[in-house]
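Asks: Residue numbering for the sequence shown follows the numbering used here, starting at 24 and increasing by one per position.
Think of the CB as a built atom: it goes at the ideal place given N, C-alpha and C, for glycine as much as any other residue.
Handing you a structure now.
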Amino acid sequence: MITSVSALLLTTLIMGLTGYYATKPEEKPPAINLDINKGLMSWYSLRPNIAYSEKKLFTQYSKQLFQRKCNPDTILALNSWMQEIMKGWKNNYNSYGLHELLFRMKTQVPYLLLYTIAHFFAVSSNQSNKGPKPNITYKIAHDEKIVPTLIKMAVSCLNVALETAKTESASKEKIFSPQNWIKTKTCLKEINMAVTTKIMMLPTFPNGTDIKKTMFLPQEYFETR
């Protein structure tokens with residue numbers, strides 16, 4: 024249900040100040056802004072592998088998405104995360120060090136990175152089945168000056184997940200298709216494993232203990248799927 028406050032927010036979004044909230048499949052977000060529907064699907068619903076599908080967003084998952092209370096802080100934070108993530112494709116330069124196969128998938132991979140960042144906070148806080156409030160995560164990361172660090176960590180996890188999938192396909196003498204893999208639940212499973220390993224190993228890296236403590240959030244800063 025769209026309230027008068029939501030309508031005002033939508034007007035603000037359309038102006039490009041925070042992001043864009045499409046309400047039907049044919050609507051397209053401005054190129055430089057976040058598609059809020061895909062952002063919500065990746066962050067809260069934990070399904071970045073289907074965020075690219077407008078058919079599923081506006082049919083199978085429409086009730087779940089449009090009934091979620093979406094306040095300006097949430098949208099601004101998701102858009103802020105996405106703007107930082109998209110710097111990895113600026114001038115077609117792979118500044119974050121994504122695997123070349125991932126770098127080529129500019130439409131889908133940014134939402135996998137968004138999901139991975141959310142999962143860092145969730146796993147660090149023992150809330151792996153919930154979504155952290157985006158505005159809290161971005162404020163903490165921004166204040167602690169670790170936004171680029173977390174994005175690079177997310178990139179590392181995606182790279183590891185991809186290599187794991189490639190190795191498994193090779194062991195079974197199967198042809199590996201990154202375009203197909205990225206749409207599967209197996210992809211998320213391998214990303215989750217990489218995230219868990221990364222969080223466990225953080226204390227062995229410079230400033231890792233401090234980063235892990237920074238990502239620990241109280242239970243009230245999480246929401247159900």
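Here's the rule I'm using: 16 or more other beta-carbon atoms within 10 Å means buried, otherwise exposed. How should Glu107 be labelled?
Replies: Locating residue 107 in the sequence shown gives position 84, counting from the first residue. Answer is buried; the Cβ neighbour count reaches 16.
Asks: Could you give the residue range of the alpha helix (DSSP H) that holds Gly62?
Replies: On the sequence shown, residue 62 is found 39 positions in, with the first residue counted as 1. It spans Ile59 to Trp66 - the alpha helix (DSSP H) in which Gly62 sits, taken as one unbroken run.
Asks: Straight-line CA distance for Lys235 to Ala141?
Replies: Here residue 235 refers to the residue found at position 212 when the sequence shown is read from its first residue. Here residue 141 refers to the residue found at position 118 when the sequence shown is read from its first residue. In a straight line, the C-alpha of Lys235 is about 13 Å away from that of Ala141.
Asks: According to DSSP, is Pro241 part of a helix, a strand, or is it coil?
Replies: Sequence index remark: in the sequence shown, residue 241 carries index 218 (1-based). Reduced to three states, the DSSP call for Pro241 is coil.
Asks: Going by DSSP, what residues sit across from Glu107 in a beta bridge?
Replies: In the sequence shown, counting from the first residue as 1, residue 107 sits at position 84. Beta-bridge pairing links Glu107 to no other residue.
Asks: Examine the ligand ZN and report whether any of its heavy atoms sits within less than 7 Å of the Cβ of Ile98.
Replies: The ligand ZN is absent from the structure shown, which contains no ligands of any kind.
Asks: Would you call the CB atoms of Leu101 and Pro157 closer than 8 Å?
Replies: Residue 101 sits at position 78 when you count from the first residue of the sequence shown. Residue 157 sits at position 134 when you count from the first residue of the sequence shown. Result yes, Cβ atoms of Leu101 and Pro157 sit closer than 8 Å.
Asks: Taking the alpha-carbon positions, what's the Phe199 to Leu185 distance?
Replies: Working through the sequence shown from its first residue, we reach residue 199 at position 176. Working through the sequence shown from its first residue, we reach residue 185 at position 162. Whole-angstrom Cα-Cα distance: 10 Å.
Asks: Can you grab the Cα-Cα spacing for the pair Met176 / Tyr244, in whole Å?
Replies: In the sequence shown, counting from the first residue as 1, residue 176 sits at position 153. In the sequence shown, counting from the first residue as 1, residue 244 sits at position 221. Distance between the alpha carbons of Met176 and Tyr244 is about 22 Å.
Asks: If you draw a straight line from the alpha carbon of Met192 to that of Thr97, how long is it in whole angstroms?
Replies: Position 169 of the sequence shown holds residue 192. Position 74 of the sequence shown holds residue 97. Residue identity check: residue 192 is Ser in the sequence provided, not Met. When rounded, the distance between both Cα atoms is 38 Å.
Asks: Would you give the residue range spanned by the alpha helix (DSSP H) that Asn182 belongs to?
Replies: Position 159 of the sequence shown holds residue 182. Counting along the chain, the alpha helix (DSSP H) containing Asn182 begins and ends at Val170 to Ser194.
Asks: Hey, would you say Thr139 sits closer than 8 Å to Leu181, going by beta carbons?
Replies: Position 116 of the sequence shown, counted from the start, is the residue given in the question as residue 139. Position 158 of the sequence shown, counted from the start, is the residue given in the question as residue 181. Cβ distance < 8 Å, so Thr139 and Leu181 count as in contact.
Asks: If you run the structure through DSSP and keep just helix, strand and coil, what is Glu213?
Replies: Locating residue 213 in the sequence shown gives position 190, where the first residue counts as 1. Reduced to three states, the DSSP call for Glu213 is helix.
Asks: Which stretch, first to last residue, makes up the alpha helix (DSSP H) that contains Gln131?
Replies: Locating residue 131 in the sequence shown gives position 108, where the first residue counts as 1. Where Gln131 is concerned, there is no enclosing alpha helix (DSSP H), given that its DSSP letter is neither H nor E.
Asks: Among the candidates Ile174, Ile205 and Glu246, whose CA atom is the shortest distance from the CA of Lys189?
Replies: Here the question's residue 189 lines up with position 166 in the sequence shown. Measuring from the Cα of Lys189, the nearest candidate turns out to be Ile205.
Asks: Less than 8 Å between the C-beta atoms of Asn148 and Phe228, yes or no?
Replies: Numbered from its first residue, the sequence shown carries residue 148 at position 125. Numbered from its first residue, the sequence shown carries residue 228 at position 205. Sequence inspection shows Ser at residue 148; the Asn mentioned does not correspond to that position. No, the Cβ-Cβ distance between Ser148 and Phe228 is not below 8 Å.
Asks: DSSP on Thr247, reduced to helix/strand/coil?
Replies: Within the sequence shown, residue 247 is the residue found at index 224, counting from 1. Reduced to three states, the DSSP call for Thr247 is coil.
Asks: Going by C-alpha distance, which of Thr172, Thr130, Gly231 and Pro226 is nearest Pro71?
Replies: Mapped onto the sequence shown, residue 71 falls at position 48. Closest by alpha carbon: Thr130.
Asks: Would you call the CB atoms of Glu246 and Tyr67 closer than 8 Å?
Replies: By one-based count along the sequence shown, residue 246 stands at place 223. By one-based count along the sequence shown, residue 67 stands at place 44. The answer is yes: Cβ separation under 8 Å.
Asks: Is it right to say Pro241 is buried, meaning 16 or more other beta carbons lie within 10 angstroms of its own, or is it exposed?
Replies: Within the sequence shown, residue 241 is the residue found at index 218, counting from 1. Exposed, since its Cβ has fewer than 16 Cβ neighbours within 10 Å.
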